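Residue numbers (the working numbering): 12 to 139.
1. For the alpha helix (DSSP H) containing residue 41, name the first residue and the last one.
2. Quick check on residue 69: does DSSP put it in helix, strand or coil?
3. Which residues mark the beginning and the end of the beta strand (DSSP E) in which residue 77 is found?
4. In the DSSP assignment, find the unbroken alpha helix (DSSP H) run with residue 113 in it and report its ends.
5. Out of 21, 35, 98, which has the shortest C-alpha to C-alpha gap to residue 71?
6. Look up residue 122 in the DSSP assignment and say whether it is helix, strand or coil.
7. How far does the alpha helix (DSSP H) with residue 101 in it extend, from its first residue to its last?
8. Compute the Euclidean distance between the alpha carbons of residue 129 and residue 94, then round it to the nearest angstrom.
9. Are the stretch 40-54 and the stretch 81-99 touching by the rule of at least three beta carbon pairs closer than 8 Å?
10. Mind checking residue 59: buried by the 16 CB within 10 Å criterion, or exposed?
11. Going by CA-CA distance only, name the one from 63, 90, 89, 91 that's closest to residue 78.
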C-alpha cells in the first residue's frame with residue numbers, strides 16, 4: 012500500500028527537526044542542524060530538495076518563503092523503518108511499538124497509532 016522511501020541517517024535528522032517544530036524554511040533547518048551536521052547553507056538546501064524529489068518532503072510558499080514539511084506523518088515513516096528492520100531480521104509479525112515508550116519524539120498516542128499501523132500492515136514485503 013505504501014511505497015515508502017527509507018530515509019538516510021542525515022535525512023532522519025532533518026525529519027526529526029520537522030517533527031519537533033513543524034514546517035520550516037531552509038534557513039530555519041540550517042539553524043537547527045548547524046551544530047550536529049555542520050553543513051553549509053547550500054548543502055542543506057540541496058539535501059532538502061533531494062528529500063523533496065524522493066518524496067520525503069513537500070515544499071510550499073508561505074509569504075514568499077519556501078517552507079518544507081514531511082510528506083508523510085512521522086508514524087508512517089517510523090512504521091516503515093520498523094517493518095524494514097523486521098524484514099531484515101526475519102521477524103514473524105510486527106515489532107512491538109511499545110519498545111519506544113521512552114522516546115522523546117513519540118507521544119503515547121503516536122505509539123498507539125504505530126502499534127495499530129504495524130498490526131494492520133502485513134510483514135514480509137516482496138521488496139529486495
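All C-beta atoms, glycine included, are put in the ideal place defined by N, C-alpha and C. Note that the coordinates shown come from a computational prediction; the quantities given were computed from them, not determined experimentally.
This is what the structure gives:
1. 37-48
2. strand
3. 76-81
4. Residue 113 -> no alpha helix (DSSP H), and no H or E assigned at all.
5. 35
6. helix
7. Where residue 101 is concerned, there is no enclosing alpha helix (DSSP H), given that its DSSP letter is neither H nor E.
8. 7 Å
9. no
10. buried
11. 63
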